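Just below is one structure, and these are the notes that go with it.
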Amino acid sequence: MCRAKWLAPGALVLGLLASEAMAFETVREAARGQTVYFNAWGGSPQINDYIAWVADEVEDRFDIDLVHVKLTDTSEAVSRVLAEKAAGQTTAGSVDLIWINGENFLAMKENDLLFGPFAFDLPNFELVDTAGKPTTLIDFTEPTDGFESPWGMAQFVLIHDRATLPEPPADLAALAAWAAENPGRFTFPSPPDFIGATFLKHVLHAAVDDPAILTTAPDPATADDLLAPVWAWLDDLQPDLWRGGRAFPANGPALHQLFEDGEVDLTMAFNPAEASSLVLDGRFPATTRSYTFADGSIGNTHFVAIPFNSDAAAAARVVADFLLSPEAQARKQDPQHWGDFTVLDLDKLEAEDRALFDAIDLHPATLPPDQLGETLLEPHAAWMDLIEAGWRDRYGS
Amino acid sequence: MKLVARGLLLALVLVPTLAGLVGVLAPAVGYLPVLGFTEPSLAPLTRVLALPGLGQAAAMSLAVGLVSTTLALLLAVAITAGLQSRRVSRWLERLAAPLIAVPHLSIAVGAAFLLAPSGWLVRLVADPLDMQTPPAFAYGAGYDLLVLGAVLVLKETPFLVAVLVAVARSIDERRSLALARSLGYGDIEARLKLLAPAWLARSKLAIVTVLVYGIGNLELALVLGPTAPPLLPVLVLDLMTHPDLARRLDGAAAALLLIATTALGYAAYRIGAALAGLAFGAWLATGPTPTLTRWLARIGDLATTLLLAFLALTFVVLALWSLAGPWRFPDPFPAVLHLDLWQRRVPDLLAHAGTTALIAVTTALIALAVVLLWLETTGRTTLPSWLWLPLVVPQIAFLFGLQMLMLVIGLGPGLGPVILAHLLFVLPYTALLVADSWADQDPRYAAMARSLGHGPWTTFCKIKLPLLKAPLALALAVGISVSVALYLPTLFAGGGRVTTLATEAVTLAQGGDRRLAAATGIVLALLPAVALLAARRLAR
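For the record, the sequence lines run as chains E and G.
Residue numbers for the first sequence follow the numbering used here, beginning at 1 and rising by one.
Residue numbers for the second sequence follow the numbering used here, beginning at 1001 and rising by one.
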């Protein structure tokens, strides 16, 4: 009797799992022969190569034709989906899968441009570390609600060359002091580029006493006072920036280029392994190292989502699921291929899958996860609008 | 048939351009139903006018367009006046065609590597000057504008020379020159004083095209332009692709401002030309000034030599970077040269080159067919002036609206729409090149063929086409060159799905792998060169 009591719910769970598996089996069946136009930022040859590998794999395994549409900016794809909606094109949209997070996701979700919810039904989703990595469920301050599937973890790091700058500035105060002594050797990409915006978010975090205030939209009555120290710090730094603060690099890769050329002593990335990739590529010197500021660093998750008018939603889901597989995630975390940290909980993995991650050789320029320090959460998007507008007003014109 | 030809030209050029303009105008005045904006309002314009940096962005775009066009025009006049008189100039004339064919983007990518504070020129002198780090001086947007302006002058001068030479040849200069010689004028001064005004009067369209490109082009502004604030076309793109979708309205309003800026630029050019005309009149009245003319010619030669040296260095630095191992400041040359990048990237580059060539050849062939059909069936050789509309309105100002139109008529992004979008820019050039030679052909050959009992089709294929082999081949090559270099039409009509060398070059040049950007810039420049060589072969 006792056993039977236990059996019933057990069987129910098993049955549910089986039916879920079967449900996804029908998705896989529908996906066969479909073409997925994967709209993803195409500025990094390494990431492009990784996506090419994914394309080969899903072709072999699932008979899916994955085409990488290389974007200069994710918002290009968002505006295309919007234009399609404007024209009443509710099927056969041009975008099937999109690499996305933050305000682009918010814009698509708010304008009903997304297919789903689909993420929680992906078989591999149960391996995601939703408890340890809450940003896999909350994108900036917006709940994903299953409209996007996590792909990788990002954390903001600074990059320096140990040979030329053995002791890089440990926090914002030290950075300002160091810049004053070494004018022209530091800069950041001009917002709204996301690397530059993230640097400003860190300045914002450091300027407020209670970061909790950043999780909701700013109150117009107090926002100016709260932002005053941000502008004060930036005003102080401005004349000591590269080119006297009269010009800024357009984006992260452009800043890397300045670092490679020796025009600046620090660069920054949203990926703890990016420096390693660049060292392995022969672009940065072998003495390159990564670090984070002492007060922590901004972290978030990047996702893939499916537009509402995709005709290949089945295949797009199969690809999203494959991107979450331990094999794909482990390859992605390997700095030889990309170096982007996994969204999975390694404790949930089978021993052989876990071994894939353990075998990854972390390059000395990569900061291991346990040395990344405290993760600072992304502020509400409205804060960023304020800061971007204020920055443009003060320094961008 | 006549109606078909006319309708085809209208449908391929005028309709899309006008529709594109309407598609931008409507959101600019607050009408974008999909986002729930149905009430016309001036709010978008007001918001855009209040954008920080807008005035500076517009002023910079205007300045760079006006100054580069003026310089290129002065140089082109000087070179054209000196042609046939000196050996350097003849050499230049031979170079003009390949120079026109080199895409702006290739030069822009190379120029960026050459002229940055850590660029090759500084690296070459870093060791003798004992520089360990690149010079860190506070130079503002002016420096970026200087580099951008130099690239524009370099690219537009040969184009204007080609136009002026074509015009000059259509004017009989012998009598004017003989008269001037008898009054003690040298040939160059005589051409400058007696003929140049006529050249310029007949080249207005080409000059406006250059001016509009200088003010409104996006790709050079992205690769070389300043960032804080950026040039006006970049500002338009930023707004039109902003994550906050309601900003599309502001983007459309900014596009209108870009059109207004271009119009302002044209007005400024006309005023400047009138003022220059006054000074010119004073010079005319002074009689022969051989010393001044000699100096002008020398300045022109010097500027030309500098530009050619700049161009050569641009391609050397592109080649060097595509072959370089680690190459850090202050090393004057990379320590290692290898073919790693080329070996790794050849499949990609070939694939992009293939797509680019497919689009370019198809577009050029269609354009040629449409133009020939129009010429043959309408019996006219004067082209309708609206044919130039796509060239005298900034691309970004109507392409966004065009993207909307394509969707409305159910044309998804892809190769087909890209070819249609390219036709907007290729057709005018093809028509211009073919119409002149068409008008020049001796009608007696065709009349004889017809009198011998051959039908119009046989006459067309057996008599007219072979007679025009050379100009037709050239028109094809120019069509291909124009198409290869197009960035924004490819991006918008291709929905990002169509990757050509031009889109790849812009993506890479904005950040990313400099070696790959260099290799892409080289292959991008090779395609038009091949087309031109093939055209010359065919013409023989």
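Positions of the beta carbon are idealized from the N, C-alpha and C atoms, including for glycine.
Remember, it's a predicted structure, so these values are computed and weren't measured experimentally.
Neighbourhood of residue i by C-beta, 8 Å cutoff - its chain only, sequence neighbours within 5 removed
i	result
Pro239 (chain E)	Pro183, Gly245
Lys5 (chain E)	In this prediction, Lys5 (chain E) has a pLDDT of 46, which is less than 50 and means its spatial position is unreliable; what the coordinates show is noted afterwards. Cβ neighbours of Lys5 (chain E) beyond the five flanking positions: none.
Pro1052 (chain G)	Pro1229
Thr1520 (chain G)	Val1109, Leu1349, His1352, Leu1501, Glu1504, Ala1505, Leu1508
Pro1044 (chain G)	Pro1027, Ala1028, Val1029, Gly1030, Leu1249, Asp1250, Ala1252, Ala1253
Residue from the options with nearest C-alpha to residue i
i	options	result
Arg61 (chain E)	E:Arg32, E:Ile51, E:Trp151, E:Ser75	E:Arg32
Leu172 (chain E)	E:Lys201, E:Asp145, E:Ala314	E:Lys201
His1352 (chain G)	G:Phe1329, G:Thr1499, G:Ala1518, G:Ala1116	G:Thr1499
Gly1030 (chain G)	G:Thr1355, G:Leu1516, G:Ala1252, G:Ala1268	G:Ala1252
Ile1079 (chain G)	G:Lys1462, G:Val1163, G:Tyr1185, G:Tyr1487	G:Val1163
Pro1256 (chain G)	G:Ile1480, G:Val1393, G:Met1448, G:Leu1527	The sequence as given places Leu at residue 1256 (chain G); Pro does not occur at that position. Ranking the options by Cα distance to Leu1256 (chain G), first place goes to G:Val1393.
Ala207 (chain E)	E:Pro189, E:Val230, E:Phe357, E:Asn48	E:Val230
Gln46 (chain E)	E:Gly93, E:Thr26, E:Pro272, E:Leu278	E:Leu278
Arg1298 (chain G)	G:Asp1127, G:Leu1075, G:Ala1525, G:Ala1057	G:Leu1075
Asp292 (chain E)	E:Leu349, E:Glu374, E:Phe322	According to the sequence as given, residue 292 (chain E) is Thr; it is not Asp. That would be E:Glu374, whose Cα lies nearest to the Cα of Thr292 (chain E).
Leu1524 (chain G)	G:Leu1491, G:Tyr1487, G:Leu1095, G:Leu1211	G:Tyr1487
Gln1343 (chain G)	G:Ile1259, G:Phe1159, G:Leu1516, G:Ala1141	G:Leu1516
Glu274 (chain E)	E:Asp261, E:His256, E:Gly262	E:His256
Val1013 (chain G)	G:Trp1283, G:Pro1384, G:Val1167	G:Pro1384
Ala1101 (chain G)	G:Ala1531, G:Ala1198, G:Leu1124, G:Ser1170	G:Ala1531
Contact set between residue i and chain E, taken where Cβ atoms lie within less than 9 Å
i	result
Gly949 (chain G)	Lying before the first or after the last residue shown, residue 949 (chain G) is absent from chain G, which here runs from 1001 to 1540.
Gly1325 (chain G)	Gly282
Arg1328 (chain G)	Glu260, Asp261, Gly262, Pro285
For residue i, the three-state DSSP class (helix, strand or coil)
i	result
Met268 (chain E)	strand
Leu1032 (chain G)	strand
Ser149 (chain E)	strand
Thr1227 (chain G)	strand
Ala1043 (chain G)	helix
Ala389 (chain E)	helix
Phe341 (chain E)	strand
Ser297 (chain E)	strand
Lys133 (chain E)	coil
Tyr291 (chain E)	strand
Arg3 (chain E)	Residue placement at Arg3 (chain E) is poorly supported in this model, since its pLDDT is 44, which falls under 50; the coordinates are not used for a value here.
Ala8 (chain E)	The predicted position of Ala8 (chain E) is uncertain, since its pLDDT is 49 and thus under 50; a value taken from the coordinates is nonetheless stated next. Here Ala8 (chain E) sits in helix by DSSP.
Glu378 (chain E)	coil
Asp1331 (chain G)	coil
Ala305 (chain E)	strand
Phe118 (chain E)	coil
Val208 (chain E)	coil
Ala40 (chain E)	strand
Ile398 (chain E)	An answer regarding residue 398 (chain E) cannot be provided, because it is not within the stretch 1 to 397 covered by chain E.
Ile100 (chain E)	strand
Pro143 (chain E)	strand
Within chain G, partners of residue i - CB distance below 7 Å
i	result
Ser94 (chain E)	Gly1412, Pro1413, Gly1495, Arg1497
Contacts that residue i makes with chain G (C-beta to C-beta distance below 8 Å)
i	result
Thr72 (chain E)	Val1506, Thr1507, Gln1510
Lys85 (chain E)	Val1034
Residues near residue i by beta carbon distance below 7 Å, same chain, minus five either side
i	result
Phe115 (chain E)	Ile306, Pro307, Phe308, Ser310, Ala313
Lys1155 (chain G)	His1104, Ile1107
Chain-order list of residues whose beta-carbon lies under 6 Å from that of residue i (same chain, five-residue window excluded)
i	result
Ser1068 (chain G)	Gly1149, Leu1152, Val1153, Gly1214
Asn300 (chain E)	Thr135, Ala154, Glu378
Leu1337 (chain G)	Leu1323
Ser401 (chain E)	With chain E represented from 1 up to 397, any question about residue 401 (chain E) goes unanswered, as that position is not in the structure.
Ala1141 (chain G)	Pro1226
Neighbour list for residue i in chain E, Cβ cutoff strictly below 8 Å
i	result
Leu1245 (chain G)	Val78, Ser79, Leu82, Ala107, Asn111
Tyr1139 (chain G)	Arg243, Gly244, Arg246, Ala247
Asp1144 (chain G)	Ala247
Ala1001 (chain G)	The displayed chain sequence assigns Met, not Ala, to residue 1001 (chain G). Neighbours of Met1001 (chain G) on chain E: none; closest Cβ ~34 Å, over 8 Å.
Assumed close pair residue i, residue j - CB separation to whole angstroms, cut-off 8 Å
i	j	result
Leu66 (chain E)	Val36 (chain E)	5 Å
Asp139 (chain E)	Phe303 (chain E)	7 Å
Ala1357 (chain G)	Leu1527 (chain G)	6 Å
Trp242 (chain E)	Ala176 (chain E)	No, Trp242 (chain E) and Ala176 (chain E) are not in contact; Cβ-Cβ is about 15 Å, not under 8 Å.
Per-residue contacts from residue i into chain G (C-beta, under 9 Å)
i	result
Tyr37 (chain E)	Gly1495, Gly1496, Arg1497
Residue i: contacting residues in chain E (beta-carbon distance under 7 Å)
i	result
Ala1019 (chain G)	What Ala1019 (chain G) touches in chain E: nothing, since even the nearest Cβ is about 13 Å away.
Gln1403 (chain G)	Ala83
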